[in-house]
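To start, the structure under review is shown below, and the notes come after it.
Protein chains: 4
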Amino acid sequence: MIRASILGATGYAGIELVRLLYVHPEVKLVHLVSQSFADQPISSVYPNFKGIFEKTCSRLDIDQIAEESDIIFASLPHGASDKVIPLLYEKGKKIIDLSGDFRYKSVEIYEKWYGSSHARPDLLKVSAYGLPELNRQEIIKTRLIGNPGCYPTSALLALAPLVADDAIQPDTIIIDSKSGTTGAGREPSSALHFSEVDENIKAYKIATHRHTSEIEQQLGIIARHDVTVSFTPHLLPVKRGILSTIYANLKKHLSFRDVFDIYSNYYSSEPFIVLHEEGSLPEIKHVNGSNMCHIGFVVDKRTNRIIIVSAIDNLIKGAGGQAVQNMNILFGLDETTGLKNPGWYL
Amino acid sequence: MIRASILGATGYAGIELVRLLYVHPEVKLVHLVSQSFADQPISSVYPNFKGIFEKTCSRLDIDQIAEESDIIFASLPHGASDKVIPLLYEKGKKIIDLSGDFRYKSVEIYEKWYGSSHARPDLLKVSAYGLPELNRQEIIKTRLIGNPGCYPTSALLALAPLVADDAIQPDTIIIDSKSGTTGAGREPSSALHFSEVDENIKAYKIATHRHTSEIEQQLGIIARHDVTVSFTPHLLPVKRGILSTIYANLKKHLSFRDVFDIYSNYYSSEPFIVLHEEGSLPEIKHVNGSNMCHIGFVVDKRTNRIIIVSAIDNLIKGAGGQAVQNMNILFGLDETTGLKNPGWYL
Amino acid sequence: MIRASILGATGYAGIELVRLLYVHPEVKLVHLVSQSFADQPISSVYPNFKGIFEKTCSRLDIDQIAEESDIIFASLPHGASDKVIPLLYEKGKKIIDLSGDFRYKSVEIYEKWYGSSHARPDLLKVSAYGLPELNRQEIIKTRLIGNPGCYPTSALLALAPLVADDAIQPDTIIIDSKSGTTGAGREPSSALHFSEVDENIKAYKIATHRHTSEIEQQLGIIARHDVTVSFTPHLLPVKRGILSTIYANLKKHLSFRDVFDIYSNYYSSEPFIVLHEEGSLPEIKHVNGSNMCHIGFVVDKRTNRIIIVSAIDNLIKGAGGQAVQNMNILFGLDETTGLKNPGWYL
Amino acid sequence: MIRASILGATGYAGIELVRLLYVHPEVKLVHLVSQSFADQPISSVYPNFKGIFEKTCSRLDIDQIAEESDIIFASLPHGASDKVIPLLYEKGKKIIDLSGDFRYKSVEIYEKWYGSSHARPDLLKVSAYGLPELNRQEIIKTRLIGNPGCYPTSALLALAPLVADDAIQPDTIIIDSKSGTTGAGREPSSALHFSEVDENIKAYKIATHRHTSEIEQQLGIIARHDVTVSFTPHLLPVKRGILSTIYANLKKHLSFRDVFDIYSNYYSSEPFIVLHEEGSLPEIKHVNGSNMCHIGFVVDKRTNRIIIVSAIDNLIKGAGGQAVQNMNILFGLDETTGLKNPGWYL
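Chains as they are written, first to last, in my numbering: chain A, 87 to 432; chain B, 87 to 432; chain C, 87 to 432; chain D, 87 to 432.
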């Protein structure tokens, strides 16, 4: 059994990891670290675990965690990860970090978009961007994974095959994403107050959201030149799920079938990618509860544009599920281990 | 024109008062007092007022407010009202207080249920409980109104006719109420965080909610003896509206028509009471956006019990609308002035 | 492996069974019968199964189903079950019926509340009411299970210990239940139209809902005398979950701890019952996604009443999960097989 | 008083017209025509009118309606309007049609996008497109108004100033719109079933929605050349409101202030247009309940693109409110008569 610990276990991404790892057949949860709820059973914070899993949360003890864990998942605020993770990394542990701190190749881009300096830029050389469908070979070779952001996962999986195929004009890419509220975390605020979010939708951080830089970095790697995109996140009155509607100009006339072939070749053996046939489009209902990414598209002959729709569960493929998928890779397990459940639709 | 000022104008009850008084044909809004947003236009806090009403919020200045206002609405936290209101009252102003501080006849009951001592119990002798359908004659005679709580409004309007008629056994009264989140106000908290409220329902403060005592006081006045009830509030994943489902044993066999007659006699000329005919029941959709209270019921012969359902908009008949109705009474206007709009249903 | 087939697989209860049985380690799904979607893959009706489970739905063929299945789950409309199930029963199959047709001991009560005659009242002698926590010994002995209604499950699990202990006055029992919309099924109607349900709550079928009779039958068996209750269902603007708030007068003064002991003794080794400690109450968030029933309560000394709150997922413990639990019993498996997942909370 | 009748009064757009016209100071509602609910009081169909406005619905009687009405609002299905409206038009009545039948200049475009032939293309020469902010002079001169679609209203008000100023490249316009469910009407269907819409978002009719042609027609008139756009509608789990996020490439570098000036000049005296200052963006909460259109934008220097966000209430500025605004113009009233209420935010 793989001994796993979670730092930040009582945040929303953290508790989703607990939920997923609890049912993983090869994992034993060793430490649930939570500064806010230390010494309390996880089931008193999240009563869905009552009678099922009632482990007590603990304070952060680097030495003990390192000694008793084979892998550590860190779901800490941006800027905390880059202090704690180096200590664990230096003890030889495998680490999957859900913050933005180890997702970047370039410390300059990180520091520009995150507005703070990075404590350990040297580790960016050993860390891998943890989007297995795009970067599996790099993930296998390291033991420090920067688990992707939720929005970038939804955008990159939709765009990578077309960028790799040089089928679209990169400077026309527009990503209009709509997310559930769990992506914004557990901390109460006016912007996340029920009476403010209910029956509403709003755009936020237009042209300035940090995830823009993460999307651009990965598309640039695939395109082998700089890519600049427009990215607009929106907050939906739902808990879970991201739907991204993505626009780009085609470089030449392509039929639906041509484009479908590009996708199906690129993702020929990917267990977590589902392509929708012509006339069908992804919805967040299709993926909530699973690690799947659904992708559908329309080729608009009138405008010679492709409109792609992708859907993921922000807490699973956009956070905890992808982290488990990365763990499976690091330990040589089948990538779907513990992640085979269908979503819940209802 | 009646010059009106609002203390606590940027809370949810406060802003509903602004919305209602803005369209009231006999009222001019003079001061919108908000400690949190002083010197900011109300339309920057609530952008639905942009281009419509952009008055700047001000700090509390008792002298100025008293001088420039004919009536003051106070929507302050419990415990603040009883400090500020006496100052305004002593300047001869008409006052409608939306807190619990002036709803009680007995200071002992107030202090027991609110857990704090009352600064000016002497004023409880001059204040009137502002539920016009039950207490209009007392309201007319005073100029300090304790505007009722939202839950008590929904429960008392449903129960008063039957208690007055001695048709039900008072010790069997059970009030199961379901409320939207605006009743809990504007302050963010875990319990009101979107991701926690969405797709959920919960009961809270069972048998201990303060509004229990307010319901019991008024039913006791009608019954002319002490009445003890069970009251359970629930939090719904909606913004507005209270639905109360109320149970009581009938003292004797009564048909639907018998009971309907009791209600229609009691509320014979009330503009804000709507009785549902047999087979029809109130829903919060029926009242959201209006000052109406809808009442429907079922006589269950099997159990000799009556089940009453009442619906109000917690921010209107349960707060701001009722306050406007009280103002209309205090100034000798038709009670429906400014309150004639139908709700919005959709 | 147990070979299982589902009749009515594309209804909401049916598809929940598919979801649960797909991950059950001892079950192979053989036939998904759907008249509406015959010859279509289940994943085109419910795209959450795309890339996971794409079995084609079939038409009803009694002989083939009987030959190739060890157990049949029927999720058919009331009144269809009592035609189809006898044919399968006579072929010696194990059957779990999710309709109301085989839940009753008395055909008279069934016919009175369901308003139609029963095609095979003789089978009511061999069928068992499938609420394992109350009726496990009877379930084990038969092979025709009337799987309980969702509301009765939530009410009976909350009330059984107190009725068995003779701690409450049965004629004071009032059950105020609030349900998500999936309980009303997949068929579109005005009453379930999004624009009508959203931001609303309503009571319906007060004092006349069929589940009243099911609750009364089981409480009567426990009490060993007739029991009559008030039951009010409400429709919530959420998909899943039932919260029941239940009121009853205590026969004598009992402390919280006294009552807690009654519950914990009654449910001493039940894997799907969770009791909340004093000060904590169940919410539908706690159980959605799991087969758990959470129970909490308040003893109100002022009224000498107990107020009990129970929460279940209407599609799991209230339908498909309970059916799987019954199947586990019929095949001698551990009762929690395939049902160990925690709910999802978020 | 203006005598007004509504055809299709019990649909969602129809009932919103009833709500708005009921409070309009210059209007008397004469006939509420509803084939489905003829002879029933409107308040039994929409109980929010109980005790307020209980007029009985009637069947369609062209002669009587023409004789007793000064203006007729038609909220009929597409394809019914072009049969009924000519009859009323020929009797000299003023008519505001909420269907798509009289919005087009070119019958070819109408027939191509609506997939059916137009019964009276000759009337397209006398009808005016009823978007007052863009087309007031044409509206004044006619008495047959094609009231705009909800999506086109949100898109055109956001785009017209920039197209008129030649500030953007028309062939780069992308309109990503998100709508509440009332836009899809009152007719139940699987796609609008609560359990399907709740906690979901989906795109639909990508590149083929009829409103695309309406947007293109009006932008083409402003640009004086053909304009082709991408338009993607999405269905939100809310009742009301449309948020459109619109992308276009700027023709030259413009600052936020430059663009703001373009908008404020174009809309210098428009009572229903609100421009958001830098750093602020519209949300549907800001407009639900009012006839306002809020517009905000971000100039993205990195991509030299403008991202515009507009918000309207689909039932008011997107349907009934705009119809009232058109009526006010036709009768020489102040355009804001009956439309001064702020939205409700909560």
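A virtual CB, placed ideally from N, CA and C, is assigned to each residue, including glycine.
No experiment lies behind these values; they were computed from the predicted model shown.
Distances from the alpha-carbon of Trp199 (chain C) to those of C:Asn233, C:Leu107 and C:Glu302 put C:Glu302 closest. Exposure of His311 (chain B) is indicated by the presence of fewer than 16 other C-beta atoms within 10 angstroms of its C-beta. At a cut-off of 7 Å, the C-beta of His279 (chain A) has no neighbouring C-beta in chain C.
A Cβ of chain D is located within less than 7 Å of the beta carbon of Ser275 (chain C).
Shown here for Ser366 (chain D): same chain residues with a beta carbon closer than 7 Å to its own, the five before and five after excluded, namely Gly382 in chain order. Cβ contact annotation for Arg89 (chain C) (same chain, cutoff 7 Å, sequence separation greater than five): Lys114, Val116, Glu154, Ser155 and Asp156, in chain order. Under the DSSP assignment, Lys198 (chain A) falls in the alpha helix (DSSP H) whose first and last residues are Val193 to Tyr200. Contacts with chain A at 7 Å (Cβ-Cβ) include Val283 (chain B). For the set D:Gly216, D:Phe135 and D:His320, the Cα lying nearest the Cα of Ile415 (chain D) is the one of D:Gly216. At least one CB of chain D lies nearer than 7 Å to the CB of Thr268 (chain C). Its chain contains Ser330, Ile332, Ile381, Ile394 and Ser396 as the residues whose beta carbon lies nearer than 7 Å to that of Ala244 (chain C), once the 5 sequence neighbours on both sides are disregarded; these appear in chain order.
No Cβ-Cβ contact shorter than 7 Å links Tyr190 (chain D) with Leu162 (chain D).
If you draw a 10 Å sphere on the C-beta of Met87 (chain D), you find fewer than 16 other C-beta atoms in it, and that means exposed. Nearest to Val119 (chain D) by alpha-carbon distance, out of D:Leu106, D:Ile128, D:Leu93 and D:Ala99, is D:Leu93.
Shown in chain order are the members of the segment 299 to 317 of chain D whose Cβ falls below 8 Å from a Cβ of chain A: Thr314, Val315 and Ser316. Taking 7 Å as the Cβ-Cβ cut-off, the segment 383 to 397 of chain D approaches chain A at Val384, Asp386, Arg388, Thr389, Arg391, Ile393 and Val395, given in chain order. Beta-bridge analysis with DSSP links His117 (chain A) to A:Ser91. Rounded to whole angstroms, the gap between the alpha carbons of Gly235 (chain D) and Thr423 (chain D) is 22 Å. Legend: CB atoms of the segment 339 to 356 of chain C lying less than 8 Å from CB atoms of chain A are not found in any residue. What Thr331 (chain C) touches in chain B, judged by beta-carbon distance under 9 Å, is Asp262, Ala289, Ile292, Thr318 and His320, going in chain order.
Residues of the same chain with a CB within less than 7 Å of the CB of Trp430 (chain C), apart from the 5 flanking positions on each side, are Asn374 and Gly375 in chain order. Under the DSSP assignment, Arg391 (chain B) falls in the beta strand (DSSP E) whose first and last residues are Arg391 to Ile398. Straight through space, the alpha carbons of Glu421 (chain B) and Ile226 (chain B) are spaced by roughly 12 Å. Here the alpha carbon of Asn351 (chain B) sits roughly 10 Å from the alpha carbon of Asp251 (chain B). For Ile138 (chain C), the C-beta contacts it makes with chain A under 7 Å involve Pro428, in order along the chain. Chain-ordered listing is empty here: chain D has no CB closer than 8 Å to the CB of Ile148 (chain A), the nearest sitting near 39 Å. In this structure Val360 (chain D) is buried. Its beta-carbon is surrounded by 16 or more other beta-carbon atoms within 10 angstroms. Residue state for Ile332 (chain A) is assigned as strand, using DSSP reduced to three classes.
Residues of the segment 99 to 115 of chain B with a C-beta atom less than 9 Å from some C-beta of chain D are Ile101, Glu102, Val104, Arg105, Tyr108 and Val109, listed in chain order. Shortest Cα-Cα distance from Arg145 (chain C) to any of C:Asp125, C:Ile195, C:Gly137 and C:Ser130 involves C:Asp125.
Taking every protein chain shown into account, the CB of Pro111 (chain D) has fewer than 16 other CB atoms within 10 angstroms, so this residue is exposed. For Ser355 (chain C), the closest alpha carbon among the candidates C:Arg222, C:Val324, C:Ala214 and C:Pro172 is that of C:Arg222.
7 Å or more divides the Cβ of Ile392 (chain B) from the Cβ of Leu305 (chain B).
Using beta-carbon distances, Asn134 (chain D) counts as an interface residue toward chain B, with a partner under 7 Å. Neighbours of Lys325 (chain C) across chain A, judged by C-beta separation under 8 Å: Leu432. Identification of chain C residues near Gly235 (chain A) by a Cβ-Cβ cut-off of 9 Å yields none; the smallest Cβ-Cβ distance measures about 18 Å.
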